[in-house]
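Undergrad:
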Amino acid sequence: MTEFNLIQIAVAILFLPLVGFAFVLFFGKKIKNAYLFEISIITVTFILTAVLLFNKLSWFPDKNIVSEFSWIRIQNLAVLGNISIDLGFLLDNLSVIMIFTVALISMLVHIFSIAYMKGDRLYNRYFAYLGLFTFSMSGIVLTHNILMMYIFWELVGISSYLLIGFWYEKKSASDAGKKAFLVNRIGDIGMFSGIMLIFNTYHTFTFDKIFTQMAAGTLPFNSEFWLTVTGLLLFCGAVGKSAQFPLHVWLPDAMEGPTPVSALIHAATMVAAGVFLVCRIYPILTGNALFIIAVIGALSAVIPATIALTQNDIKKVLAYSTVSQLGYMVMALGVGAYKFAFFHLITHAFFKACLFLGSGSVIHAMHHEQDITKMGGLKKKLPLTYATFLIASLALSGIPLTSGFLSKDGILQGTFAFASLTGHWLFPAAGFAVAMLTAFYMFRLIILTFHGEPKNKEKYDHAHESPFVMAMPLVVLSTLSIFFWYTPNPVNADAGWFLSKWIKSPVLSVPQNARYSFMKTDVVSSVSKEGIADINNSTTVEGKEIVYSEAYTEAMHHAHYPAMFLSLLVAALGIVFAFIFYYWKKISADKLAADIEPLYKLSFNKWYFDEIYNATAVAFTMGSSRFLAWFDMNIVDGAVNGVATVTRWTSSFTGKFDSVIVDGLVNLVAYFSGFIGLILRRFQTGKVQTYLVLVVFSLVIILYLFKTF
Amino acid sequence: MIHVGLTHFLFISSILFSLGIFGIVTRRNAVMVLMGIELMLNAANINFIAFARYGNFGLQGQIMALFVIVVAAAEAAIALAIVLNIYKIFSTVNVDEIDTLKD
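Here the protein sequences come in this chain order: A and B. Counted the way our numbering counts, the first sequence spans residues 1 to 709. Counted the way our numbering counts, the second sequence spans residues 710 to 812.
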């Protein structure tokens, strides 16, 4: 396998799903089983990503494979000089791991959907949309420049819109699609402005070139403040796509889409794209930007976790859990735990997809019942779903031997280290609180769904274990939630291949004094130019790679055991509380809810975010729209009508002028001609002799006139 | 003895021409009109001959007169054919009754 082969494979991975999409879209109505084509395409894609992953990690573990071509080349521009806008692929460890995850989950979701969507009116089109989504997501992951990423970013947005509103006959579904799309736009406007700032400064969209130029000292408007602004604007895109506070409101509503879609898009891949974006642009984020990112991440982790406590819709609980976990990742990025954020992104993708598909299996078995208060006792009916769901929940709660334990522990360790270095102890506090809340609401969900007495006897009796195509993805995903895939040591991931070999912290391009104090590299010369050019810092010699100062590494190391035990403790506490409340029923949850009613109401009503937005942003937009409509109707239309009146008046005047003066003149001439004609016709007798007489007379007259004698 | 000069010939010729015109204008019969035309042609012939006699033109005048006689013959033949046709269509040879040119 040469690098060129890998690029060829990447091209195939990108375009195969597009072929599937186009084929199913165009022939879906004629060929009944067109979806099988899409599924085989996605399977081939998955196999290719596996080949890509294996070869990249075995043969080129420290190399970024780039292949680019010039898309638009403009020369001799007045201000910008020569511009070349390149498109291309960047295959580094980050993107091959991500593309593998995307393709794997996409394939499993395709397979799961065979049974889940059976009998749907637009069965084939559903698969076409899944293909479109996979194509767009692959584009985001594989690209080497931010422009192409933005294009695919929007493509992901549109496929998400199509899939959320897939059951568009349902008002709530089409509304949710619109909401997701519009809320995402808000973030994307920020991202677009960020891209423009980048382009304005560096005249290129390619990540590597931006980083190189920045490390060489070029900054937007030559100020670190604007660098921070640029980073935050780009982060806006992630806020929208990854459903971060305050734009998280679309994700729970997006649960109106089919459940496998929620698993693919709104749990594992698309929402992770925001985190992926932050990973990609990590080298340009200043200390201030990172701090704000960490704050937003922390808020996004805490608020939805409290909301998830009281929700009764199985998918809503998982949706808020997703927002909360994404907040975790963003917070981890903000506090500098880059590797663990990406690690959590991957592990979370697997176990959250498993949870969503599991909930899909439950919903399928319960004939589209989503209210967990009406379930219960499903453990006996759905043993396989229960087992996989339990494993994934343990992973999400951070119980040892699972992948979630490793990644979550890493994030908590990062916040702990950050706090010990800077004194912001609220971050670890938020992290541990969320860990406890997560364990609590996940086990509340499990106990209410799978344990206890069935609350709806009729539906319970009809419940049945899902068919093979639905069970298989669950088993695969729950297997991937086990620690073994990432590291041989179940309690410490640092030594594992995932963190030590595959994922490396990037070298920052940000000027030294704009960084966190602990991220300053003590020896300036060690940030060599070769190292900076490379976001994965793979070309520098191992051991010399100085990304964070010794202090941070040290702090991380010290934080390891306290963080681990504390996270274990809070997770266990959360689970125990869940059992006390819902399994043993020692304390009545309803009574407690009544005791702290305001808090309960706040959580149950999702902190009134939708209401607040309706009262402020939506109302403002509607108000301004109404004003603009009024302005259009009265001022603009009035002006147009006024012009029309003037024109009509002028026209009628010119019309009169035409009919009276001009026509009068013409008629006069005609009349005059007629009159002369009337006289002259007398001479026209038709008799040759008369003419002759006239000729002779005229001759005589002419002769007389021209006489020379 | 009166010397007969060019002027006398020209007088005769103009009288003849005027008679021709008079005939053309006053006669109603188409044949008579044709005869008027012949008179006018002959008046022209007299002019040719007279100028040939008194001017220094060689034989040109006589030759021209011969041409005119030939043309007059041809013209008479055609004109009579026309008159015949007119008679066939209008059943008259009266020139003043044939005024379809007016329309």
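Note that beta-carbon positions come from the ideal geometry of N, C-alpha and C, so glycine has one too.
#1: May I ask you to verify whether the segment 13-29 of chain A touches the segment 133-142 of chain A, counting CB pairs closer than 8 angstroms and requiring at least 3?
#2: Which residue spans inside the segment 136-186 of chain A form an unbroken beta strand (DSSP E) run of at least 3?
#3: Roughly how many angstroms separate the alpha carbons of Ala716(A) and Lys374(A), rounded to a whole number?
#4: Which residues in the same chain as Asn5(A) place their Cβ atom closer than 7 angstroms to its Cβ, once the five residues preceding and following it in sequence are excluded?
#5: Just how far apart, CA to CA, sit Val777(B) and Val792(B)?
#6: Considering Glu458(A), what are the terminal residues of the alpha helix (DSSP H) in which it resides?
#7: Within the same chain, show all residues whose beta-carbon is closer than 7 angstroms to that of Val317(A), passing over the 5 residues directly before and after it, in chain order.
#8: Would you verify that the beta carbon of Val792(B) is, or is not, closer than 8 angstroms to some beta carbon of chain A?
#9: Have a look at Ile99(A), Val476(A), Ile587(A) and flag the residue whose alpha-carbon is nearest the alpha-carbon of Ile140(A).
#10: Roughly how many angstroms lie between the CA atoms of Leu401(A) and Leu384(A), to the nearest whole one?
#11: For Met148(A), collect the residues of the same chain with a Cβ closer than 6 angstroms to its Cβ; drop the 5 residues on either side in sequence, then sort them by chain order.
#12: For Gly81(A), which beta-bridge partners are listed by DSSP?
#13: Taking a cut of 7 angstroms between CB atoms, which residues from the segment 682-701 of chain A lie near chain B?
#14: Please name the residue, chosen from Leu810(B), Arg762(B), Met773(B), Met744(B), that lies closest to Ala786(B) on a Cα-to-Cα basis.
#15: Measuring CA to CA, which of Arg280(A), Leu437(A), Ile195(A), Ile635(A) is closest to Val507(A)?
#16: Hey, would you say Lys352(A) sits closer than 8 angstroms to Glu256(A), going by beta carbons?
#17: Give me the chain A residues within the contact set of Glu809(B), using Cβ-Cβ distance strictly less than 8 angstroms, ordered along the chain.
#18: Is the CB-CB distance between Leu251(A) and Ala319(A) below 8 angstroms?
#19: Please name the residue or residues paired with His313(A) in a DSSP beta bridge.
#20: With DSSP as the reference, label Gly28(A) as helix, strand or coil.
#21: For the structure I just gave you, are there three or more beta carbon pairs, one from the segment 224-237 of chain A and one from the segment 192-201 of chain A, closer than 8 angstroms?
#22: Which residues does DSSP list as the beta-bridge partners of Phe89(A)?
#23: Closer than 9 angstroms, Cβ to Cβ, to anything on chain A: give me those residues from the segment 733-766 of chain B, in chain order.
#24: Does the segment 492-501 of chain A come close enough to the segment 335-343 of chain A that 3 or more CB-CB pairs lie under 8 angstroms?
#25: Of all Cβ atoms in chain A, is any one closer than 8 angstroms to the Cβ of Val779(B)?
#26: Output needed for Thr49(A): all residues of its chain with C-beta closer than 7 angstroms, excluding positions within five of it in sequence on either side, in chain order.
#27: Go ahead and label Pro488(A) buried or exposed: buried means 16 or more other beta carbons lie within 10 angstroms of its beta carbon, across all protein chains shown.
#28: In the DSSP assignment, the alpha helix (DSSP H) including Ile265(A) goes from what residue to what residue?
#29: I believe Val24(A) touches Glu38(A) by the beta-carbon criterion, under 8 angstroms. Please report the beta-carbon distance rounded to the nearest angstrom.
#30: Under 7 angstroms Cβ-Cβ, which residues of chain A neighbour Ile795(B)?
#31: Out of Phe276(A), Thr212(A), Pro473(A), Ile186(A), point me to the one whose CA is closest to Ala115(A)'s CA.
#32: Look at Leu91(A) and Lys118(A) and say whether their C-beta atoms are less than 8 angstroms apart.
#33: Give me the Cα-Cα distance between Gly677(A) and Leu694(A), rounded to the nearest whole angstrom.
#34: Hey, is the segment 557-573 of chain A in contact with the segment 413-433 of chain A, meaning 3+ C-beta pairs nearer than 8 angstroms?
#35: Mapping DSSP to helix, strand and coil, what is Ser538(A)?
#36: For Asn803(B), name the three-state secondary structure that DSSP assigns.
TA: Once the coordinates are examined:
#1: yes
#2: none
#3: Any question about residue 716(A) goes unanswered here, given that chain A covers just 1 to 709.
#4: none
#5: 21 angstroms
#6: 457-462
#7: Ala308, Gln311, Tyr441, Leu445
#8: no
#9: Ile99(A)
#10: 20 angstroms
#11: Leu87
#12: Leu77(A)
#13: Gln684, Thr685, Gly686, Lys687, Val688, Gln689, Leu692, Val693, Val696
#14: Met744(B)
#15: Arg280(A)
#16: no
#17: The sequence as given places Thr at residue 809(B); Glu does not occur at that position. Here the neighbours are Gly686.
#18: yes
#19: Position check: residue 313(A) holds Asp in this sequence, whereas His was assumed. DSSP output for Asp313(A) lists Asp371(A) as bridge partner(s).
#20: coil
#21: yes
#22: Ser67(A), Thr143(A)
#23: Ile733, Val734, Thr735, Arg736, Arg737, Val742
#24: yes
#25: no
#26: Ile13, Ile99, Phe100, Ala103
#27: exposed
#28: Here Ile265(A) belongs to no alpha helix (DSSP H), and DSSP marks it neither H nor E.
#29: 5 angstroms
#30: Near Ile795(B) there are no residues of chain A at all, since even the closest Cβ is about 11 angstroms away, more than 7 angstroms.
#31: Pro473(A)
#32: no
#33: 18 angstroms
#34: yes
#35: Residue placement at Ser538(A) is poorly supported in this model, since its pLDDT is 39, which falls under 50; the coordinates still yield a value, given next. Looking at Ser538(A) - three-state DSSP - the assignment turns out to be coil, as it is neither helix nor strand.
#36: strand
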